[in-house]
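Asks: Just so you know, we're using my numbering here: the sequence shown kicks off at 21 and counts up by one.
What follows is a structure written as structure tokens; I'll ask about it next.
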Amino acid sequence: MTKQEFRELAERGTILLDGATGSYLRSAGMPVGVSPELWVLEHPEVLLELQRGYVEAGSMVVMAPTFSANRLGLKGFGLEGRLGELNAQLVALSKEAAGGKALVAGDLSTMGRPLEPVGDMAYGEAYDVYREQMEVLAEAGADLLAVETLMGTDEALAALDAAAGLDLPVLVSFSVEADGGVMFGGTAWEAAVMAQEMGASAVGVNCSVGPDQLESVIRAVRAAAEIPVIAKPNAGLPVMDETGQAHYSMGPGEFARYTCILAEAGAGVLGGCCGTAPDYIRQLKEALNG
């Protein structure tokens, strides 16, 4: 998919993304402390069922489970030498699940720590990590790239810099507080301006909080940005049980009602993050149509 094709898709109406992957994998039996990428490939039926459910629910884009499949994320499991193989297989698995009925995004994550001079990570290192994974995802046939849950504007800059020349749409979303503050400084609307200037195809927020806390943030991002605005909130706030499993406060209906308010506030790319599942996307689609 080209950037122009994404613009045309956005002009035709709301783009519906998928919902959570990580929290679903945990509920499906993935233990703590393993590589999610390797676990998915060892249990492909779990991802196929989940993503087919999203497509049937109305998702126009599903995220390949490559969120932490970069050099740094894989190194913790001794898998950095399999980076190309793992990303390619995960994109292929998501394409199988999509069955030509939805686009597949190569999913990328935050570096998890501030860049210099605030932190200890060099801009060039972040650039290299993003570029390496993006090239593999593009080669594997990802239709677009999604750089999610970013905690700082510097890493967004590195990611968009790394995507230059690939001619794939890049969706950029930040993890924010309820007041719109980005974790490592700045605000979502300031970050949106920067991302737009660097060539992002859409910009917004994901994770952190539920849709009931994001209306003013989305309005501010919409006022600052000329490109489509992303809203991909959690299913409310989590409560941990005695086993360490997170349970989220919003059911599908409540999530859909509040996320529709975000659409009215200016978000044109909608989905769900932690705690959501195909039923959440199905009810969101029905609420938008209603």
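The beta carbon of each residue, even a glycine, is placed where N, CA and C say it ideally should be.
(1) In chain order, which continuous runs of the alpha helix (DSSP H) of length 4 or greater are located wholly inside the stretch 57-127?
(2) Closer than 6 Å by C-beta to Ser228: which residues in its own chain qualify, once you throw out the five before and the five after it? Chain order, please.
(3) Using the Cα positions of Glu210 and Val249, report the straight-line distance between them to the nearest angstrom.
(4) Can you tell which of Pro298, Ala307, Ile301 has the C-alpha that lies nearest to the C-alpha of Glu284?
(5) Name the two residues that bound the continuous alpha helix (DSSP H) containing Ser236.
(6) Is the stretch 140-151 touching the stretch 108-116 in the sense that three or more CB pairs, one from each, lie closer than 8 Å?
(7) So which of Pro134, Gly185, Leu94, Gln216 has the shortest CA-CA distance to Ser193?
(8) By alpha-carbon positions, which one of Ala276, Asp38, Gly206 ends up nearest to Gly256?
(9) Note down the Cα distance separating Ala251 from Met270, rounded to an integer number of angstroms.
(10) Closest to Glu76 by CA distance: which of Phe87, Lys121, Pro51 is it?
(11) Measuring CA to CA, which of Pro85, Leu123, Met80 is closest to His63?
(12) Does Ser193 come out as helix, strand or coil in the three-state DSSP assignment?
(13) Beta strand (DSSP E) containing Glu159: first to last residue?
(14) Looking at the secondary structure, which residues open and close the beta strand (DSSP E) in which Gly224 lies?
(15) Grab the span of the alpha helix (DSSP H) containing Met214 for me, first residue to last.
(16) Report the option in Gly119, Arg32, Asp140, Leu170 whose CA atom is closest to the CA atom of Phe87.
(17) What residue range is occupied by the uninterrupted beta strand (DSSP E) comprising Leu135?
(18) Could you give the C-beta distance for Ile19 and Val289, rounded to a whole number, given that I count them as a contact under 8 Å?
(19) Buried or exposed: Gln153, going by 16 or more other Cβ atoms within 10 Å of its Cβ?
(20) Which residue spans inside the stretch 237-287 form an unbroken alpha helix (DSSP H) run of at least 4?
(21) Could you tell me whether the stretch 47-54 touches the stretch 21-38, where touching means 3 or more Cβ pairs closer than 8 Å?
(22) Should Ala89 be labelled buried (16 or more other beta-carbon atoms within 10 Å of its own) or exposed?
(23) Look up Ala289 in the DSSP assignment and give the residues it is bridged to.
(24) Taking all protein chains shown into account, decide if Val259 is buried (16 or more other Cβ within 10 angstroms of its Cβ) or exposed.
(25) For Ala184, which three-state DSSP category applies?
(26) Quick one: residues in its chain with C-beta nearer than 6 Å to the C-beta of Leu106, no 5 flanking neighbours on either side, listed in chain order?
(27) DSSP on Ala178, reduced to helix/strand/coil?
(28) Beta-carbon within less than 6 Å of Ala176's beta-carbon, same chain only, minus the 5 sequence neighbours each way: which residues are those?
(29) Name the two residues that bound the continuous alpha helix (DSSP H) containing Ala307.
(30) Indicate whether Val225 and Ala208 have their beta-carbon atoms separated by less than 7 Å.
(31) Using a Cβ-Cβ cut-off of 7 Å (strictly less than) and excluding sequence neighbours within five positions of Gly286, which residues of its own chain qualify?
Replies: Taking the geometry as given:
(1) 64-77, 91-95, 103-118
(2) Closer than 6 Å at Cβ, skipping near neighbours: Ser195, Val196.
(3) Computed Cα separation, rounded: 13 Å.
(4) When only C-alpha atoms are compared, the closest one is Ala307.
(5) 235-244
(6) no
(7) Gln216
(8) Ala276
(9) 16 Å
(10) It is Lys121 whose Cα lies nearest to the Cα of Glu76.
(11) Pro85
(12) strand
(13) In the DSSP assignment, Glu159 falls outside any beta strand (DSSP E) and within the unbroken alpha helix (DSSP H) covering 143-160.
(14) 222-226
(15) That run of the alpha helix (DSSP H) goes 208-217.
(16) Leu170
(17) Leu135 -> no beta strand (DSSP E), and no H or E assigned at all.
(18) The first residue shown for the chain is 21 and the last is 310, placing residue 19 beyond what the model contains.
(19) buried
(20) Correct list: 272-284.
(21) no
(22) buried
(23) The sequence shown places Val at residue 289, rather than the Ala named in the question. Val289 is bridged to Ile35, Ile250.
(24) exposed
(25) coil
(26) Glu57, Ala89
(27) Three-state result, Ala178: helix.
(28) The answer, listed in chain order, is Leu170, Val192, Ala215.
(29) 298-309
(30) At a Cβ-Cβ threshold of 7 Å, Val225 and Ala208 count as neighbours.
(31) Ile238, Arg239, Arg242, Val249
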